[in-house]
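Trainee: Quick one: the structure is below, questions incoming.
Protein chains: 4
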Amino acid sequence: MLPDLKRLIEESTVAFADIADQLAGQAIELPSWAFGNSGTRFRVFGTPGTPRTVQEKIADAAKVHELTGLAPTVALHIPWDQVDDYAALGRFAGDHGLRLGTVNSNTFQDDLYKFGSLTHTDEAVRRKAVEHHFECIEIMHQTGSQDLKIWLADGTNYPGQGDLRGRQDRLAESLQTIYDRLGDGQRLVLEYKFFEPAFYHTDVPDWGTSYAHVSALGERAMVCLDTGHHAPGTNIEFIVAQLLRLGKLGSFDFNSRFYADDDLIVGAADPFQLFRILHEVVRGGGFGPDSPVAFMLDQCHNVEDKIPGQIRSVLNVQEMTARALLVDRAALATAQEAGDVLGANGILMDAFYTDVRPDLAAWRESRGLPADPMRSYAESGHQQRLAAERVGGAQSGWGA
Amino acid sequence: MLPDLKRLIEESTVAFADIADQLAGQAIELPSWAFGNSGTRFRVFGTPGTPRTVQEKIADAAKVHELTGLAPTVALHIPWDQVDDYAALGRFAGDHGLRLGTVNSNTFQDDLYKFGSLTHTDEAVRRKAVEHHFECIEIMHQTGSQDLKIWLADGTNYPGQGDLRGRQDRLAESLQTIYDRLGDGQRLVLEYKFFEPAFYHTDVPDWGTSYAHVSALGERAMVCLDTGHHAPGTNIEFIVAQLLRLGKLGSFDFNSRFYADDDLIVGAADPFQLFRILHEVVRGGGFGPDSPVAFMLDQCHNVEDKIPGQIRSVLNVQEMTARALLVDRAALATAQEAGDVLGANGILMDAFYTDVRPDLAAWRESRGLPADPMRSYAESGHQQRLAAERVGGAQSGWGA
Amino acid sequence: MLPDLKRLIEESTVAFADIADQLAGQAIELPSWAFGNSGTRFRVFGTPGTPRTVQEKIADAAKVHELTGLAPTVALHIPWDQVDDYAALGRFAGDHGLRLGTVNSNTFQDDLYKFGSLTHTDEAVRRKAVEHHFECIEIMHQTGSQDLKIWLADGTNYPGQGDLRGRQDRLAESLQTIYDRLGDGQRLVLEYKFFEPAFYHTDVPDWGTSYAHVSALGERAMVCLDTGHHAPGTNIEFIVAQLLRLGKLGSFDFNSRFYADDDLIVGAADPFQLFRILHEVVRGGGFGPDSPVAFMLDQCHNVEDKIPGQIRSVLNVQEMTARALLVDRAALATAQEAGDVLGANGILMDAFYTDVRPDLAAWRESRGLPADPMRSYAESGHQQRLAAERVGGAQSGWGA
Amino acid sequence: MLPDLKRLIEESTVAFADIADQLAGQAIELPSWAFGNSGTRFRVFGTPGTPRTVQEKIADAAKVHELTGLAPTVALHIPWDQVDDYAALGRFAGDHGLRLGTVNSNTFQDDLYKFGSLTHTDEAVRRKAVEHHFECIEIMHQTGSQDLKIWLADGTNYPGQGDLRGRQDRLAESLQTIYDRLGDGQRLVLEYKFFEPAFYHTDVPDWGTSYAHVSALGERAMVCLDTGHHAPGTNIEFIVAQLLRLGKLGSFDFNSRFYADDDLIVGAADPFQLFRILHEVVRGGGFGPDSPVAFMLDQCHNVEDKIPGQIRSVLNVQEMTARALLVDRAALATAQEAGDVLGANGILMDAFYTDVRPDLAAWRESRGLPADPMRSYAESGHQQRLAAERVGGAQSGWGA
């Protein structure tokens, strides 16, 4: 390490007090479906206390926000969260201290879409899929949501089954029709995914494809990056940096994975990767009041309790954001320019290895929040009450 | 290429006539569940004509055998194929020209097994799982089945959730108890799988773990190799060669994959890999009347028709077996010893690129089978008849 | 399979005679470095007869073309192929029946570039790297080459070592400076690579990054797709289809791989993948006299003989192109639109499993070429002559 | 979280003071080759101050031990570290406060081994390779080394090039011959590697193969686990747990990777994985005075300085060992048995997120070591002195 660099680091180390204000504005959207049952193709295990209605899901999301102050909005999934009166649903959310957020479309559970939706060869099927998005846009007007998120399950299982090129052309046309329907201030965010449920090809498999489409659509079309939707070994923080540079990173779907799209708790599988991602977010202007980047969770709690699973998740994002903000970026830039590999790496690791939990606990208490939201929830008996109260009815779920 | 080698090749090339007899003995077991509906966690699409009962599944399997002569047995999955009278079921199969084969246990769909079955910390759960296997062994006595196949879904989703080591110890004990219950001539085959449905660790994730357990159990415990259950890039034919060398390759679950355990039609994703696998099978003594290796399919036909999907699958195995038998192994050995890389590779590729389909069509006709079983099935109107007849009742399926 | 579809297939099957003319125009560029020694970081094994000069490399390339008629051009790598007089080198090539093709730059073997070249933080280093490309453009003027190919080894080994975002900005600026220097009719093709020699991040790791850069540069900037430069499981034919759709597929670097960038003989690791790639090339207008797509090899013959390794490679591309051209695209489109999964897949596989080798052998003889170029080469004694003649001097190589 | 569990955790949390003594015994062997130049097939960059002799490498290793107290032994690689008098070399090491450790054989850099060494079809080649190992054993007698480590580069690049089965049989025979030559107290540790330098198949590709061989050899044959030698996604800590259970984990080669065998600084790519590995080491009895498991580094410092690269590495292992020792295993077991997924995971993560660095700094000072070895080294001017002194001669390196 260069002697000058050493001095620079000693003088400029970032302290928790320096970043406390920045943390205050953090908001992480919860997905309504995280509170319902989920599982694999082999089995969906039910859990006592699982919500039966969208209102109960919202109430569960509100509990997460109440204990953490981190989750002021909840995303809807249509038709899973379909109701007659979305304005009333918005008021219900408001009464629980929440707002309704992103509207997620679904074109993967109707028999009609077995061979595709926005990419289907049959114009009637495409039209039906487009109209479903029109319906979502209409809901957004009623809920005041900003983002229409499209994750497309379209793809094929066997070489030759579909015409890769023709599907792209039809996709572009369908997306344009949807985009043109957006109101002022509304955005279309297009998610990509490496594979599943299709096993040979996926119509939006990578960030390049999503980027090419949203670039063609216009300014209010953006890419959604789901942290679990990449090929093994992919450097996700590079994609974050690139999309921020290109002005096209619209939102995150946070979760974590060891193998495929495991949808585990964000930060659970590779906390250092989450740190690197958030470092690039901060570096690239993706964090803070002026950033267009929306933070969301997209997870499945197959074997763990769902409300504390969501609490753990937003805390993980918060803790790692704190570590990313603690990076001494001036010292880092100096080490990078000096070609000091170990010095630069050491500056980054220093922030990662800093235990921010005591400072965050104090910070929470100073804002009227419980110091340890996980423990507060466990001690509150809330889970046991839900299990006792929510008897009868059909538990919410997703998937087949 | 060495001049002597060239002569050798020219003189000794293997012809289809040389291998026709070997093909006659080939048998590929069909899984009863391939005829039911299947899908992903996102959606299971239904198909007209899907069986409602195990008898209808057996009838469908019989159709595959009728047209191909390749599939004389059908595997059962308990409890999916549970009946009151297995002897009667065996007679039903016999009336359709089939025998009942491998019995597959299932310890992944009862709420009890949410945190494990044969590996569970709770002795009562383990005992229940062991007793399920006793039931399977009892069924095997009634059906005359040779193999009890155990695919274990046990695993965990989060680091720390389970004690990796303790789970292995309990697994060993549970397996021993099951093994000790086997009758004469019965075998236990232990399947391994890289991941899914567990996403952090799987209790039998690789061939090494399966091998260590079956070696400890005894002579009648063998490894089952499912071609879709490996890490990306794994050289599967090496494992085939190794297990044959160690005398522990009990059976195959054939299917194919691009990404994870996609369960696509065998040979569909990487036909050359299937060829290499079968080349090692032949090389290592895993093919033929004296071999202990059982060939089975384990596939899901999520978007394609199921009966022709199975026909296509057994034909793929047959065609590729023919190519593997066509390898001029004497010439290959000479080229290998000479360090003639391109020559040796060329000998292998020559067999792979040989179009065996016309010879196989003639061979089939000479044995009273349709030359083109896929076409025969399509033209027979069988699928349409099933769709018309099988109305009402609950279609068979698997998974959640 | 639908009855109408069946009829369509029977009527319209494509025959070899229908595609013979299309094959006539095929040209695959050879890399000069394929004839030099190569290896891994562990060892570069030398081979008798390896060229000592660029002229000997060109002579070897000419031998490949003489026997196959497939390889009329040879790519240069600067500085490995540096000479005083490129016009003279071009005449030398012409005398051997070849033209000089793509010029490949090299910014990865000078100590200056240890921490980057076009992306380096130090302006002086960037300028040196840019000027190296100016030199390459100057050479292109002298050789009449069309393409300047940039494969960038830039990247970092440790998180924090470099500023991902700043490196992209500097890369964009450097590329623009190079692009502005291109003469009329010259193109810049930007290759991407997943990893190696950098192990944490690579500055152009995926097609999306390459596409974003070349789109910003202008019409004569294109993407180069090296078939070995992707994450495990990547659907490469999808990228081919997408880049053709976007008008940005400039060239291929063909090779094959089982694991990383193995640089094996094209088609050796996964012949079916090569077939699928070429099917999309044909489908998307990437093959034929009007296509802007250049076909090149980029391989290393670490353990096999180099000239026959290149012969095998161009034959593999030719054979697979023939199979791709044999796909009955009209029938395929009909099956795809009908949702006939097995039918559509079957049409594709039918072409793949067709043994085109006898037809190609006859086709070659009709054009004055040896029916079996591999055998012709082996029998010619050429390799032995080279080994005897090329004694003394330093064998060409690449890498460290 | 269960209330009783909460109490248990509060009562029993492990403190640094509880583990300090256990840390005292930790020893991590350094590889002599880490101090020489290394690189990729593209380029080996030289560094001022690189050792020219094995003595200079040992002096560099001694510096690492002087500053950390963690690295009392250094591994040799034959023939890279060949000397006339190993007893004298041992005394030289002793004078520098070190002992000579594992002897690593090398059968991948002689032209003879182009197509294999212990697996070669030619008995003369196999004999030469076996005799090289006899030489290594002889050296071990002179140096007092315990372990002969065999990493075998044997493998093939093309399907058909070699006979997978025959190679295994020859390997088994060669290993037996070597094993039989071992003296009392000497061990053979057999390393496995997924791929590289061979790109189609590797003769010892996975732990199962290594385990099968060492089990056949006898008690003093063990498996060496190199953390960079696995397929993408492999759960390495599971293998650790399994090998400890089977009594066959002989040693670790520590390093880290993002893609292939990147040989980066241990803990640099995925610190959480290193933590999980060390947790299983501790859990399974692999740490402490009675454990047969040897800890080694096997890394390449391609772009960073080598001595501080090794200091950083041993510190990373030490810090992560401390975190692993801090896991409250009693509480963890209780949470695991209760099926408390989030609770159990939380107990593990609590240890991982604990910042052990201040305690370790104090612990070092109490033992006469610098609190911050990285800073001490940087401030010492040692690197600059080496660069000034080590002028002339050929820098040590490895690879081609």
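Residue numbers (the UniProt record's numbering), protein chains in the order written: chain A, 1 to 400; chain B, 1 to 400; chain C, 1 to 400; chain D, 1 to 400. A virtual CB, placed ideally from N, CA and C, is assigned to each residue, including glycine.
1) To which residues of the same chain is A/PRO271 closer than 6 Å at the C-beta, ignoring the five residues directly before and after it?
2) Which same chain residues end up closer than 6 Å to residue 418 of chain C when comparing Cβ atoms and leaving out the 5 residues on each side of it in sequence?
3) Are there three or more Cβ pairs, one per stretch, closer than 8 Å when the region 281 to 288 of chain C is compared with the region 321 to 341 of chain C?
4) Using 8 Å for Cβ pairs, my map puts B/LYS193 next to B/ASP261. What's the rounded Cβ distance?
5) Which value, in whole angstroms, describes the spacing of the CA atoms of C/GLY69 and C/VAL293?
6) Would you tell me roughly how many angstroms separate the C-alpha atoms of D/LYS114 and C/ALA221, rounded to the nearest one?
7) Between the C-alpha atoms of A/GLY250 and C/ALA333, what's the straight-line distance to the nearest angstrom?
8) Below 9 Å on C-beta distance, what does B/THR234 contact in chain D?
9) Is there a C-beta anywhere in chain B that falls below 8 Å from the one on D/PRO292?
10) With distances taken Cα to Cα, identify the nearest neighbour of C/ALA361 among C/PHE352, C/ALA351, C/THR354, C/PRO373.
11) Who are the near neighbours of A/SER376 in its chain, counting only those whose CB is closer than 6 Å to its CB and skipping five residues on each side?
12) Quick one: which unbroken beta strand (DSSP E) runs of 3-plus residues sit fully inside the region 241 to 285 of chain D? Chain order, please.
13) Does the beta-carbon of D/ARG276 have 16 or more other beta-carbons within 10 angstroms, so that it is buried, or is it exposed?
14) In three-state terms, what does DSSP make of C/ASP226?
15) Compare the C-beta of D/THR40 with all C-beta atoms of chain C and state if any pair is closer than 8 Å.
16) Tell me which residue opens and which closes the beta strand (DSSP E) that D/HIS102 is part of.
17) Counting contacts by CB-CB distance shorter than 8 Å, is A/PRO48 in contact with chain B?
18) In whole angstroms, what is the alpha-carbon distance linking C/ALA17 and C/ASP359?
19) So which residues of chain B does D/HIS201 contact, with C-beta pairs closer than 7 Å?
20) Compute the beta-carbon to beta-carbon distance between D/VAL266 and D/LEU297, rounded to the nearest angstrom, for a pair I have assumed lies under 8 Å.
21) If we ignore side chains and look at the alpha-carbon of each, how far apart do A/LEU98 and A/PRO72 end up?
22) Shortest alpha-carbon distance to A/GLN146 belongs to which of A/LEU118, A/ASP184, A/LEU175, A/LYS63?
23) On the CB-based measure, 16 or more other CB atoms within 10 Å of its CB, does D/HIS65 come out buried or exposed?
24) Using the beta-carbon of each residue, which ones in chain B are nearer than 8 Å to D/PRO370?
25) Closer than 8 Å, CB to CB, is B/THR73 near chain C or not?
26) Going by DSSP in three states, D/ALA27 sits in which element: helix, strand or coil?
27) So C/GLU191 is in the alpha helix (DSSP H); what residue range does that whole segment cover?
28) Within 10 angstroms of the Cβ of D/GLU191, are there 16 or more other Cβ atoms? Answer buried if so, exposed if not.
29) Whose Cβ in chain B lies nearer than 8 Å to the Cβ of C/MET140?
30) I need the straight-line Cα distance from C/ALA124 to C/LEU175, nearest angstrom please.
31) Hey, is the region 32 to 41 of chain A in contact with the region 73 to 81 of chain A, meaning 3+ C-beta pairs nearer than 8 Å?
32) Does chain A have any CB closer than 8 Å to the CB of B/ALA394?
33) What does the alpha-carbon distance come out to for the pair B/LYS57 and B/GLY49?
34) Would you mind stating whether B/VAL214 and B/VAL204 have Cβ atoms separated by less than 8 Å?
35) From D/TYR200 to D/LEU23, what does the alpha carbon distance come to, in whole angstroms?
36) If you run the structure through DSSP and keep just helix, strand and coil, what is A/ALA221?
Mentor: Taking the geometry as given:
1) Nothing meets the Cβ criterion.
2) The shown model of chain C, from 1 to 400, leaves out residue 418 of chain C, and the question about it has no answer.
3) Under the three-pair Cβ rule at 8 Å, the region 281 to 288 of chain C counts as touching the region 321 to 341 of chain C.
4) About 7 Å separates the beta carbons of B/LYS193 and B/ASP261, which is inside the 8 Å limit, making them a contact pair.
5) If I take the Cα positions, the gap works out to 19 Å.
6) Cα-Cα distance, rounded: 41 Å.
7) If I take the Cα positions, the gap works out to 36 Å.
8) The answer, in chain order, is PHE194, PRO205, ASP206, ALA231.
9) No, because no Cβ of chain B sits closer than 8 Å to the Cβ of D/PRO292.
10) Among C/PHE352, C/ALA351, C/THR354, C/PRO373, the Cα nearest to that of C/ALA361 belongs to C/PRO373.
11) Leaving aside the five residues that flank A/SER376 on each side, the residues in its chain whose CB is nearer than 6 Å to its CB run, in chain order, LEU67, PRO370.
12) Fully enclosed beta strand (DSSP E) runs of 3 or longer: 249 to 254.
13) Label assigned to D/ARG276: buried.
14) In the displayed model, C/ASP226 falls within a strand according to three-state DSSP.
15) True, the Cβ-Cβ gap to chain C drops below 8 Å.
16) The amino acid occupying residue 102 of chain D in the given sequence is Thr; His does not appear at that position. Counting along the chain, the beta strand (DSSP E) containing D/THR102 begins and ends at 99 to 104.
17) Not closer than 8 Å to any Cβ of chain B, the Cβ of A/PRO48 fails to qualify, so no.
18) Distance between the alpha carbons of C/ALA17 and C/ASP359 is about 9 Å.
19) What D/HIS201 touches in chain B: ASN235, PHE238.
20) Correct: roughly 6 Å between the Cβ atoms.
21) Going from the Cα of A/LEU98 to the Cα of A/PRO72 covers about 5 Å.
22) Closest in alpha carbon position to A/GLN146, among A/LEU118, A/ASP184, A/LEU175, A/LYS63, is A/ASP184.
23) Residue environment analysis places D/HIS65 among the buried positions, since at least 16 neighbouring C-beta atoms fall within 10 angstroms of its C-beta.
24) Near D/PRO370 there are no residues of chain B at all, since even the closest Cβ is about 33 Å away, more than 8 Å.
25) Not one chain C Cβ lies under 8 Å of B/THR73.
26) Of the three classes helix, strand and coil, the one that applies to D/ALA27 here is coil, per DSSP.
27) C/GLU191 -> not in any alpha helix (DSSP H); beta strand (DSSP E) instead, spanning 187 to 191.
28) Residue burial is scored here from C-beta neighbours: D/GLU191 has at least 16 other C-beta atoms within 10 angstroms and is therefore classed as buried.
29) In chain order: nothing, as chain B lies at least about 34 Å away.
30) If I take the Cα positions, the gap works out to 15 Å.
31) Remark: three or more beta-carbon pairs, one from each stretch, lie closer than 8 Å, so the region 32 to 41 of chain A and the region 73 to 81 of chain A are flagged as touching.
32) No, B/ALA394 lies away from the interface with chain A (no Cβ there is under 8 Å from its Cβ).
33) So the two alpha carbons sit approximately 11 Å from each other.
34) No, they are not a contact pair.
35) Each residue's CA atom was taken as its position, placing D/TYR200 and D/LEU23 some 42 Å apart.
36) Residue state, collapsed to three classes: strand.
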